[in-house]
Ligand SMILES: [Zn+2]
């Protein structure tokens, strides 16, 4: 299992200087270290988790995002959501497992599943590029808009706006 924290630290629950530096620099929060420790404990009991890679933990108020490599999402969620449920209990809030993608649209798509992204536009503003995703009318993001925006900024490095599909356009 690969995570931003080395395996020795996950096992010992004490941080080596390299891992401690990641916490000091703000790259990782103490809660993230705790969450990685939990996933590691699960991986000791369940072989299926031994080959996963956790890229990042994002603690967005009210929800925790576990960003993993492609193909690991289902393993971390577990059969019938069993691992995810245990992680949620430990975190005390909903946990969403998201597979990383180098393609911005599919990465954002993974975050808001099952809501489909109909379109992704790049908007050029004086402050730089922004993304705007279009979702169907009357659909609801699986998390508050502000939470999504802070998570989306974290993973894409850009501000992300959300708009609804124009029903008038749809009829054309
Ligand atoms: Zn370490």
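In the working numbering, the protein residues as written are 28 to 199.
The C-beta atom is built at its ideal place from N, Cα and C for all residues, glycine as well.
None of the values given here were measured: they were computed from a predicted structure.
Extent of the continuous beta strand (DSSP E) to which residue i belongs
{"i": "residue 152", "result": "146-152"}
{"i": "residue 92", "result": "90-95"}
{"i": "residue 210", "result": "Absent from the structure is residue 210, since the part of the chain shown begins at 28 and ends at 199."}
Whole-angstrom C-beta distance between residue j and residue i, which should lie under 8 Å
{"i": "residue 99", "j": "residue 126", "result": "7 Å"}
{"i": "residue 37", "j": "residue 63", "result": "6 Å"}
Given residue i as reference, the closest of the options once Cα atoms are compared
{"i": "residue 173", "options": "183, 115 and 188", "result": "188"}
{"i": "residue 61", "options": "72, 46, 52 and 73", "result": "46"}
{"i": "residue 169", "options": "71, 116 and 122", "result": "122"}
{"i": "residue 7", "options": "114, 124, 43 and 130", "result": "No answer is possible for residue 7: the residues shown for the chain start at 28 and end at 199."}
{"i": "residue 14", "options": "159, 93 and 70", "result": "Outside the shown range of the chain, which is 28 to 199, sits residue 14, and nothing can be said about it."}
{"i": "residue 130", "options": "142, 147, 115 and 119", "result": "147"}
{"i": "residue 142", "options": "183, 191 and 91", "result": "191"}
{"i": "residue 162", "options": "151, 150, 144 and 178", "result": "144"}
Paired residues, beta bridge with residue i - DSSP
{"i": "residue 83", "result": "94"}
{"i": "residue 124", "result": "93"}
{"i": "residue 191", "result": "162"}
{"i": "residue 29", "result": "80"}
Coil, strand or helix - residue i by DSSP
{"i": "residue 105", "result": "coil"}
{"i": "residue 186", "result": "strand"}
{"i": "residue 119", "result": "coil"}
Residue i - containing alpha helix (DSSP H), residue span
{"i": "residue 62", "result": "57-72"}
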